[in-house]
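What follows is one structure encoded as structure tokens, with my remarks underneath.
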């Protein structure tokens with residue numbers, strides 16, 4: 280049968296298919312489903328069906344940004360902003376999980392409780408702060424007037440909601456804390472740990488004295504060690520990618536523009552009578568100090584100030600790559616007081632960053648159609664490869680970058696991401712491979728496994744040798760002499776400590792010390808870095824009956840806080856594990 284004949288015989292089914300299709304499209308159009316598809320997700324995310332709006336997320340990020348600007352008088356760096364953006368999301372998720380848990384537990388605040396928090400005998404600290412009089416008492420007349428004023432009705436709604444939320448969280452905290460009480464035994468043991476001390480003499484035999492040449496390792500031993508320590512070589516989901524970059528290091532032109540900007544302020548700097556205000560107003564990178572400094576103790580890079588007369592300002596001087604101006608304020612004997620006005624060279628201000636961003640954007644556009652390698656060749660850009668691991672923002676070769684890690688987590692293999700601005704460069708990346716979570720392959724960690732096997736063998740070689748030496752020695756002096764070692768001393772070792780002065784971190788050795796009697800000499804003890812043979816010279820075990828009330832309360836509070844902090848993190852992790860969390864940030868942002 281010919282092609283045309285087949286088409287004629289299929290005409291009726293095709294027509295019915297078209298009719299049904301157009302009818303379905305007509306119905307879907309009436310339901311505005313295509314508008315919904317075009318709009319995408321309606322919220323930034325959901326926690327068990329409770330939406331997180333883009334507005335509250337942006338407000339949270341803005342709060343962090345404003346706090347940073349107020350504290351540093353600088354704009355937030357790119358990577359720090361990425362960190363706070365992630366923190367804002369975590370805050371909003373945690374708030375919903377906790378609120379949902381409070382609802383589940385029936386933790387509420389009644390209207391009577393709320394009234395008591397505002398107008399009761401012991402009002403909430405917020406109310407007290409707003410309406411306390413000069414004598415420190417609540418001005419009840421002013422409080423009642425504020426409550427009765429019609430223009431304050433919307434404000435009171437906000438205050439009441441905040442007071443309810445605060446009290447609910449306080450109740451939730453009390454509910455958690457009630458199950459985290461510290462026992463009397465906990466307090467007594469902590470007091471003993473912190474206040475028991477010992478003095479020792481010891482001979483130390485470091486594992487590092489055994490060279491690699493003295494150790495032989497077989498492939499079978501390596502495989503056995505790897506199989507028994509597989510969990511030590513686990514990694515999270517890993518991303519292998521390649522990238523090209525554009526360096527944001529300030530150019531000579533950027534430096535020149537900054538120098539000119541500073542030169543334009545030289546007369547104003549010289550004329551001002553309030554140097555502190557001047558430096559603050561013009562966002563000097565070096566803050567005002569105002570103290571006198573001896574001429575002999577002046578830092579070398581500040582030497583230009585020694586050539587000035589009081590009130591005079593120097594020319595612009597480049598110090599460590601940044602423009603500086605110095606002003607001599609006052610002389611006193613051999614001391615001087617001066618101010619330093621400095622700017623960091625900012626490639627943003629000169630448009631360098633903008634031009635680099637354009638280049639990166641152009642590369643990404645053409646690489647997506649022409650190919651990553653061919654576009655890199657066309658621009659003579661070096662292609663580098665790197666790997667990143669989920670939940671670890673440090674990326675070898677690129678430094679710490681949470682925003683790059685977030686981009687890789689949401690990419691598909693072979694896709695090319697939009698340009699990403701790091702603190703010192705722009706990058707365009709292509710994801711090559713996503714490696715699932717699990718143990719690293721043996722060949723990938725072979726060198727680490729070999730180090731582990733060698734360490735175990737070193738420990739055993741040294742321990743066997745010291746046991747042999749110790750069996751032939753009558754005391755510590757004889758043992759030291761037999762291996763040309765010196766007897767070392769350590770005083771004031773604390774039971775709750777983890778280091779021995781001069782010997783490093785040795786928790787197990789310290790534990791053995793406090794299990795011995797005064798004058799007792801130990802056998803060989805395999806520590807973290809060496810084998811020890813030691814003598815307890817003196818030991819003072821604390822008596823918890825000597826605790827004062829204040830000290831006891833301090834220990835109790837510290838232990839309860841530690842327990843609460845540890846439980847809080849576990850509590851949130853468990854709530855997340857049991858929750859349905861939808862994250863639309865990769866779509867909407």
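Residue numbers (the numbering used here): 280 to 868.
Where is the CB? At the ideal position from N, CA and C, for every residue including glycine.
Under 7 Å between C-beta atoms of residue i and residue j
i, j, result
"residue 742", "residue 805", "yes"
"residue 700", "residue 357", "yes"
"residue 819", "residue 476", "yes"
"residue 563", "residue 621", "yes"
"residue 541", "residue 624", "no"
"residue 704", "residue 527", "yes"
"residue 644", "residue 654", "no"
"residue 748", "residue 762", "yes"
"residue 767", "residue 781", "yes"
"residue 452", "residue 862", "no"
Residue i in three-state terms, based on DSSP
i, result
"residue 517", "strand"
"residue 762", "coil"
"residue 606", "strand"
"residue 284", "Any reading at residue 284 needs caution, since the residue's pLDDT is 43, under 50, leaving its predicted position unreliable; the model's value is listed next. In the structure shown, residue 284 sits in a helix (DSSP, three-state: H, G or I)."
"residue 861", "strand"
"residue 709", "strand"
"residue 868", "coil"
"residue 694", "coil"
"residue 363", "helix"
"residue 502", "helix"
"residue 730", "helix"
"residue 849", "helix"
"residue 773", "strand"
"residue 323", "coil"
"residue 437", "helix"
"residue 767", "strand"
"residue 411", "strand"
"residue 252", "For the chain, the structure presents residues 280 to 868; residue 252 sits outside this window and is missing."
"residue 717", "strand"
"residue 821", "coil"
"residue 618", "strand"
Cα-Cα separation between residue i and residue j, rounded to whole angstroms
i, j, result
"residue 825", "residue 470", "10 Å"
"residue 317", "residue 866", "The pLDDT assigned to residue 317 is 47, lower than 50, so where the model puts this residue is not dependable, and the model offers no usable value."
"residue 666", "residue 511", "19 Å"
"residue 414", "residue 478", "56 Å"
"residue 343", "residue 482", "54 Å"
"residue 405", "residue 434", "14 Å"
"residue 602", "residue 586", "18 Å"
"residue 328", "residue 717", "31 Å"
"residue 843", "residue 448", "14 Å"
"residue 660", "residue 530", "19 Å"
"residue 752", "residue 770", "25 Å"
"residue 534", "residue 609", "30 Å"
"residue 714", "residue 487", "36 Å"
"residue 306", "residue 330", "Reliability fails at residue 306, whose pLDDT of 46 lies under 50, so the model's placement of it is uncertain and the value that follows must be treated cautiously. Approximately 29 Å, taken between the alpha carbons."
"residue 635", "residue 532", "14 Å"
"residue 849", "residue 737", "38 Å"
"residue 786", "residue 734", "18 Å"
"residue 679", "residue 371", "24 Å"
"residue 474", "residue 461", "19 Å"
Residue i versus the options, residue with shortest Cα-Cα distance
i, options, result
"residue 506", "671, 539, 559, 722", "722"
"residue 495", "771, 637, 732", "732"
"residue 338", "581, 753, 455, 364", "364"
"residue 267", "535, 728, 564", "In the structure as shown, the chain begins at 280 and stops at 868. Residue 267 is therefore absent and cannot be evaluated."
"residue 336", "374, 327, 761, 359", "374"
"residue 845", "456, 719, 491, 513", "456"
"residue 687", "734, 704, 868, 668", "668"
"residue 607", "559, 548, 556", "548"
"residue 808", "480, 739, 766", "739"
"residue 514", "385, 861, 836, 671", "671"
"residue 580", "644, 446, 619", "619"
"residue 764", "480, 508, 491", "480"
"residue 712", "689, 389, 556", "689"
"residue 800", "787, 784, 817", "817"
"residue 664", "695, 650, 708", "708"
"residue 710", "380, 498, 691, 684", "691"
"residue 676", "726, 582, 521", "521"
Check: residue i C-beta below 6 Å from any heavy atom of the ligand COA
i, result
"residue 783", "Questions concerning the ligand COA fall outside what the structure shown contains, since it holds no ligand whatsoever."
Chain D within 7 Å of residue i, Cβ atoms only
i, result
"residue 401", "Protein chain content of the structure displayed is limited to a single chain, and chain D is not contained in it."
Counting pairs of beta carbons, one from the segment 431-445 and one from the segment 392-403, are three or more of them closer than 8 Å? yes
The segment 610-625 in contact with the segment 565-578 per 3-pair CB rule at 8 Å: Yes, the segment 610-625 touches the segment 565-578.
Validate contact between the segment 418-431 and the segment 797-816 using beta carbons, cut 8 Å, 3 pairs: Too few Cβ pairs lie closer than 8 Å, so no.
Would you call the segment 455-471 and the segment 827-835 touching, i.e. three or more CB-CB distances under 8 Å? yes
Okay, do the segment 846-863 and the segment 374-391 touch, 3+ Cβ pairs below 8 Å being the bar? Output reads yes: the segment 374-391 touches the segment 846-863.
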